[in-house]
Structures are given as structure tokens and as C-alpha cells.
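Number of protein chains: 2
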Amino acid sequence: MSAGWFRRRFLPGEPLPAPRPPGPRASPVPYQRPRFLRGSCSSPGAAEASRRPDSRPVRSPARGRALPWNAGYAEIINAEKSEFNEDQAACGKLCIRRCEFGAEEEWLTLCPEEFLTGHYWALFDGHGGPAAAILAANTLHSCLRRQLEAVVEGLVATRPPMHLSGRCICPSDPQFVEEKGIKAEDLVIGALESAFQECDEVIGRELEASGQVGGCTALVAVSLQGKLYVANAGDSRAILVRRDEIRPLSSEFTPETERQRIQQLAFVYPELLAGEFTRLEFPRRLKGDDLGQKVLFRDHHMRGWSYKRVDKSDLKYPLIHGQGRQARLLGTLAVSRGLGDHQLRVLDTNIQLKPFLLSVPQVTVLDVDQLELQEDDVVVMATDGLWDVLSNEQVAWLVRSFLPGNQEDPHSLSAGWSSQVLEAGPDADTQHTGEGRRSHRGRAGVLR
Amino acid sequence: MSAGWFRRRFLPGEPLPAPRPPGPRASPVPYQRPRFLRGSCSSPGAAEASRRPDSRPVRSPARGRALPWNAGYAEIINAEKSEFNEDQAACGKLCIRRCEFGAEEEWLTLCPEEFLTGHYWALFDGHGGPAAAILAANTLHSCLRRQLEAVVEGLVATRPPMHLSGRCICPSDPQFVEEKGIKAEDLVIGALESAFQECDEVIGRELEASGQVGGCTALVAVSLQGKLYVANAGDSRAILVRRDEIRPLSSEFTPETERQRIQQLAFVYPELLAGEFTRLEFPRRLKGDDLGQKVLFRDHHMRGWSYKRVDKSDLKYPLIHGQGRQARLLGTLAVSRGLGDHQLRVLDTNIQLKPFLLSVPQVTVLDVDQLELQEDDVVVMATDGLWDVLSNEQVAWLVRSFLPGNQEDPHSLSAGWSSQVLEAGPDADTQHTGEGRRSHRGRAGVLR
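Going down the list, the protein sequences come from chains A and B. FYI, the numbering for the first sequence is 183 to 630, going by the working numbering. FYI, the numbering for the second sequence is 183 to 630, going by the working numbering.
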């Protein structure tokens, strides 16, 4: 992506790119549930709860189907909100092949044998339709595999070489790499960052070709070479639950948490707001009676607050509006990072959301060996549907309560999760507002 | 500042602002040392050290002159590097007046009486001449006082009101403010942010008028209403030294720590590099032999590393180059935040550094009451000259070693500081490179 591309793509008045020749229209992305749910069941613990009138269908993997690391999985479809579950998930073994160098110092795929193996778990929280999440679940792991294969020589070196070929052009090259502190894990982080972007481009092309729309957040965990990488773009969350510790493995990216980045872009490119929005933040949307008053505000460069005298342009709809779960970007979207949404516009306008969205994840690295993880340490990954109704502490309590005595059963986490979340969900849910209740949905991958 | 202003100011091809009518040329900013050094002395402890051939002059306040909170101060002028000391300092009482509302709901300065008092300590590390640091030392506290006076009604309320006048236009206004979590300390943070920007504009105007150049970093501590605020723009550092704890109160802003922000701006506005620099980071500057090779790199969106095939444009000089103390922005500047530098250009080019520099500080807040600070807890503020040769732990050890038994003497910190830093400096200094030695200079304000 270049600045020129950004300007042509998003800014009015820039010369338009040459139109693509019309190709055959691709068929729509077919709706599906995660592959590992084939032959799935409602888990036994959930049976009683599911007879209650307010219960929602819960699915988890069939008893005989073990997920990597005996991970558990349960999903609750919110039938009130949409006909289809917009969320998706994927997991599996990650097989990275090594290709040997030929005499020309170019890749020769003479030896595409499995070389490094890891595991991959992913959750995609869809919005505006299920298509983006389905594409992400079908594609992101392949993008990641390709990105890792492209740097695999660096991954297995003691320290990544300056030149991927291993050739040392300048005698002090290894010293330069060491001074920058570049380690193999930085290549995995880079591969995750690139894979998310590549997948985002694939989704953009596929949805445009099939005439579909939508976007999704993405939360991915990858185990490789003794490390666990958690990459997050959106408002899902992963935590590590240990006997005496709850460790956050991700941060949420929402219009509120990324306010300064978003306001900064609107400052640099005011055209993106088309005169319809104000980039300033106020405690509430201003109205005529506020004109001429000095009110609390903050702009892109401010972490603190100040007062400004209200003029007419401050009465426009705010770029970021609402509080907590209700916070929206351009009145439309509750997340600020994710995949897809290439066609998303503010209702009844030509104002695009995509320029404000990042597909790049933030990546956290856990050194599994160094941490001396125990049998009952569990990583919990879930979309906002779960975290809106249960705190980290409540989830940790649930995990700790259904785990003991069930470690040997590969299905234990799915079963425990299904029944407990279903039980806890509606109760916890009532603590929220009416809107909160209606949009409740939960999805949880639990790794052990 | 608006985006239009930014584009007119920094981007080629944009319509130029109307030229200002030539005014009378202001006289140059007169050189001076901090006011509180009048009648200053070399402290007794430093006498022996100063007889050594490699010693440098040390100044600290005169014995009879107590600084707020009995703060100590010592400065070492690096005579090898420049004739004048480019660094500055300021401290004093901060008197914030309250102005009463009239019937028109406008400020009436009928009652400009002192209302809130606080204290202020500041260090300015100058470069390219002493003028910017002198102006900052003379100006920033006034900017801060003005900014605080403009919001004083909000400062003294239980919670800042939505409208500064206190008028409640919408019955749920207090609730909106509460939901955003806006507290009085956010107004002080906002005032510090605005004061730094205002001071930067003053410096820009004054230096342009007097035909001088230069810039400086700024590290400010303010005590107000039971809180200590530390605002930092640059690579100075403040720490709190307690009996059992060393707590960092600031982060350093350098081309390395702000790499992604700086690369992002170059991505958005490639014109700023005038085709002379590459925004990409490589472990070292590339050369002809690297052409066609795949080498380690990262771009603005990456925290990890990847490999790219080198093309000709990658051989340009890097936007950020060098490592650690040698890291430079556009080959010129070692800091990425500060005041001044409005005229600074890359040598023999028209490429400006100012668009890449931020004058906004990062602000840390300490709740002094809640922390239950003890008599021997000390805040140490110093420029990079000190931190380049002494670690946080070494400085804490020094403070803890010269403090006991001297608490009652207001001069104890200045004296202890002068002698100990002078003793420790040259030894520690020898751990650094030749360039490191030559540019060594230290400045330390110690609050107790």
C-alpha cells in the first residue's frame, strides 16, 4: 500500500484508478459453520438449560473430535439478532515447509517438505453479514503459512540473518541485527502482521467480485517453536488463566481505545469527513443551546481535556460518538480494526469507513517454556459477546470450577464451557441495558 | 493548527501563505543562566574533583537560596562541545488566579486574586544554540499559568462541569461527564499539553523575528492540589526514588521510540522526504551490493520484522538512522519531541524536520497523598547527559547515599548532587564510545 494508492482510493478529487475490465461475477460465499463442528452436539451439561424458554442454541464439537491441545469450543447463536451466526472460527495444525536454496540463490521448490509445525486457533466476529468472517476463517491460516514459509530460513537461525540467503555482504551484518535486537519471534510477529493484511486484501477482492459486503474482527493464537503468539485486530479478547494469575494477552481496538489515531487521520485528511462530521470529542453531542458556551472537548493531540467555545461546526455529528459498548465510528461501526468492510459507507452518504480501519493486529508473545505452564493453565479466547457479560475474573472462576477432575477428557472444556456460559450468560446479561441484552452472543475457544 | 495550515506550511506545491509585512527585527535572545543560579557556587564536595585536569565547571544555587520543596540543582557545562551551555532550567511558585463571572457570563477580571498555588520545576535541553531553551525557560510557566487560569473553575469543582460557566443546559450533562471519567486532573493534563504547544508557537515567532535558530526538549514537574504532574517532550527523564522502589515518571521520545509515528507521517506525506530519504527501516544503511537481495526491514505498520527484495529506492538515506544514542531523524536530530526547531532543515537541502516533531508532552500523574510520600522520597529530573552515563539504579543509589543526615539542610541535595555526579560522571562515561564521551553533559533537578 502506498500513499498514492490511499489518496486515489479514498480522497475525492484525486484521479481515479483505471476501471477493471468486467470479469465473470463470482458466486456468493456459501454459508457454513466451522469445519470442526461437523457432527456437533449440544453438550450434556447444557441440556437442562436448553429446555428453558429463553435458551439459545449452543454448539460445540462432537465428542469424538479433539481439537489441537484439547481445546474446547462453544458457540451461542443469537437468533434474535440475525438468521445466521455472523461469527466464525478455525483451528488446526500449521505446517510450514522449507524450500532449499539452489545455486542461483533463489528459491527452488525441490524440497517442499514439512519442516516446522505449529498450531493455529482463530475467532472471527462478523458484522454486516457472515461473508467476511467465513472468508477469513477459510483464508487467514493459508496467508499466515505463506508468510512464515517466506521467512522460514530466518526463523530457524539462532538470530535472523540480515540477508535471507544467509550471505554476509558486510562483515558486521550480524552485529547490526544484534544491535537492533531482532529475534526469530519478530519474524513471526511480522508474518502475522502481513498475513492479516494479505487476508484483508483477499476479502476485499472476493466480496467485490461476489457483490457481498461485511467485515469481521480477528483474534488468532499460534503456537510455534515454544512460543504462543496472540494476534488481535478488533474487540475480541484472550486471557491466560493460571492458578494464581489472570494475564491479559490482548487489548481491544475500538473507536474509544483508538480515538487519537482516528482523530489524527481526520485532521490530516478532513476530506474523509465530507463536512458531515466533527473530529472533536465532546462529552455528548452538542446542540443549538450550546452555541457560544465553553464546553469540555479534546482533539487528536490531547489525552487531557480542555474547554472550547462552541461554534456551528461543533454541532456536526461526532466522528466517534457514544460511550462504552455504544461507542461508534462515524455512527456506524463499534470496532476500529478488523478485516473486510471495503464497501462500508455511512448510511445514505458516500463517506467511507475503511480509511479509518486498520487490519494490522497487535501481537503478544508468551514464552511457554519460560512460563512453566501447568496442566490446568488455560488460554481463553472469546468475542465481545462473552466479555460484555462476564469479567476476566468471572471467566477465570468458571474455568477453574469446571476444569478439576476433567483434565483427561478432551471434550471437558467444550462441555464445561457450553453449560457454564449458558447458565451464566442470561443472568449476567440482565446487568446490561436493553440493547445490550438483545445483541448478546458468545463464542469461546479455550486452549489448554 | 489545521490540516490546511499543515499542508501550506510544509508541503511543496500548496499555495503559500501571504508574506508577512517586514517588521522591525527583534533583538537576539540574550544569553543567561537560570535566575536561581545568581550568586551560585561550586559546592564544597566538588572542590577536590574540580582540581582534576579533566574536571568541568559545576554550578548549583547559592547556599542561602532555597528552591521550592528544598529541591537541589547542579549543572555541568560541557565546554568541549559548545562555548555556551545550551541547557536551561526554571522553577518557582505557580500562582493561579481566579476571575469571577459577571452577569454576561463572560470573564470579568474584577477579582484577579491568587486562588490556587502550586510549584513548577523545568529542564530544557537545548540544541542548535541556546536561544530556544532560554525562551522556553522564560515563557513556558506563563503559558501554563494562563492555560490553568482559563479552566480554573473546572479545576476546583468536584468534577469538571460540561460547561465552564457551570450552567447545565441538558439535565444529564453531569452524567455524560461522569461516564467519560473526566476528572480535574484531566484539565491539568490538557493545560500542560496546550501550554507546551503555545510555548512552541511563541518560540517559533520569537526566533523568526530575531533571526535565531535552535530547539530544546522540555521536562516539567508541577505540584498542584495534592498531585504531581510530570510532562515530558524529548529524551530527558524523571524518576521517583523511594526507599524500596524506583518508579519511572516519564518515557523518552526519540526517533527510535517514535519510529512508527514518524514513518506513518512519511507514508501519508511522501513529499516531506523530497525523494532523498527512504521511510523504511533496515538493520543498516543499504548499498549497491545489497540490490536484489532479500533483507530485513520494517515499515510504519510493523512492530515485527520481515524481508524485502532490495530495489534502488531502498538505497536512499533512511528517515531514521543509527542505533541508541546515535539514532537520528533525517540524519540530523536525536529527539522527536520538543520546542522550537521551526527553521531546522537537513544540511544543504530544503527538507524540514518540524513536521516530524511533536511539541505535545506525555503527562504522568502521581497522587502524592495516596502514595504517602516519605521525607526521603526524591524525584530526580535530568537530561540525557546524565542518563547516558548513569542508570536509574545508579542514580537512586547516589541519592540514597548522600541524603541521610542531610534532610534538614536545604542545600544538601544540590551539594550532594554536584559532588557525586562529578565523581561518577567521568568514570561511567568511559563505558561509552568516543562520541559519547565528547558530548557528555549533565543537568539534574532533584525535588524532595
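In this text, a Cβ means the ideal position worked out from N, Cα and C, and glycines have one as well.
Non-local C-beta neighbours of Ala208 of chain A in its own chain, meaning closer than 6 Å and more than five positions away in sequence, comprise Ala391 and Ser392, ordered along the chain. For Val528 of chain B, the closest C-alpha among the options B:Thr514, B:Ser541 and B:Arg519 is that of B:Thr514.
Taking 8 Å as the CB threshold, Ser495 of chain B stays off the interface with chain A. Taking C-alpha positions only, Ala244 of chain B is separated from Leu219 of chain B by approximately 7 Å. By the Cβ neighbour-count rule, Pro312 of chain A is buried, with 16 or more other Cβ atoms within 10 Å of its own.
Around the beta carbon of Cys350 of chain B, a 10 Å sphere encloses fewer than 16 other beta carbons of the protein chains shown; the residue is thus reported as exposed. The beta carbon of Arg480 of chain A sits closer than 8 Å to some beta carbon of chain B. The alpha carbon of Ser495 of chain B has as its nearest neighbour, out of B:Lys469, B:Gln329, B:Pro537 and B:Asn320, the alpha carbon of B:Lys469. Under the three-state reduction of DSSP, Ile259 of chain A is assigned to coil, being neither helix nor strand. Taking a beta-carbon distance threshold of 8 Å, Pro342 of chain A counts as an interface residue toward chain B.
Under the three-pair Cβ rule at 8 Å, the region 502-522 of chain A does not count as touching the region 470-486 of chain A. Residues of chain A whose Cβ lies closer than 7 Å to the Cβ of Val542 of chain B are, in chain order, His483. If you look at Asp549 of chain A, you'll find it isn't in any alpha helix (DSSP H); it sits in the beta strand (DSSP E) that goes Gln544 to Asp549. The region 525-541 of chain B and the region 401-412 of chain B do not touch, with fewer than 3 CB-CB distances between them shorter than 8 Å. Burial check for Ala516 of chain A: the Cβ neighbour count within 10 Å reaches 16 or more, so the residue is buried. Beta-carbon to beta-carbon, Leu580 of chain A and Leu431 of chain A are separated by about 17 Å, too far to satisfy the 8 Å threshold. The beta carbons of Val450 of chain A and Val545 of chain A sit no closer together than 8 Å. Against chain B, the CB of Gly486 of chain A has a partner CB under 8 Å away; the residue lies at that interface. A Cβ-Cβ distance of about 35 Å is found for the pair Ile385 of chain B and Glu575 of chain B, leaving them out of contact under the 8 Å criterion. Within its own chain, the residues whose Cβ lies closer than 6 Å to the Cβ of Gln525 of chain A, once the five positions on either side in sequence are excluded, are Val395, listed in chain order. If you look at Ser583 of chain A, you'll find it in the alpha helix (DSSP H) that goes Asn574 to Phe584. Between the region 268-276 of chain A and the region 295-305 of chain A there are three or more C-beta pairs closer than 8 Å, enough to call the two in contact. Counting along the chain, no alpha helix (DSSP H) covers Pro216 of chain B, and no H or E run does either. At a Cβ-Cβ threshold of 8 Å, His345 of chain A and Lys498 of chain B do not count as neighbours. Arg217 of chain A is outside the set of residues whose beta carbon lies under 8 Å from a beta carbon in chain B.
DSSP places Cys325 of chain A in the uninterrupted alpha helix (DSSP H) bounded by Ala313 to Ala332.
For Ser376 of chain A, the enclosing alpha helix (DSSP H) has its first and last residue at Ala366 to Ser392.
Per DSSP, reduced to three states, the secondary structure at Gln534 of chain A is strand.
Exposure of Ala456 of chain B is indicated by the presence of fewer than 16 other C-beta atoms within 10 angstroms of its C-beta. Identification of chain B residues near Lys536 of chain A by a Cβ-Cβ cut-off of 9 Å yields none; the smallest Cβ-Cβ distance measures about 15 Å. Burial check for Arg190 of chain B: the Cβ neighbour count within 10 Å stays below 16, so the residue is exposed.
Chain-order list of chain B residues neighbouring Leu501 of chain A: empty, with the shortest C-beta distance near 14 Å, by a criterion of under 8 Å. CA-CA distance, Pro586 of chain A to Pro250 of chain A, rounds to 20 Å.
Counting along the chain, Val423 of chain A sits inside the beta strand (DSSP E) bounded by residues Arg419 to Arg424.
Its Cα nearest to that of Asp472 of chain A, the residue A:Asp493 stands out among A:Asp493, A:Gln270 and A:Met563.
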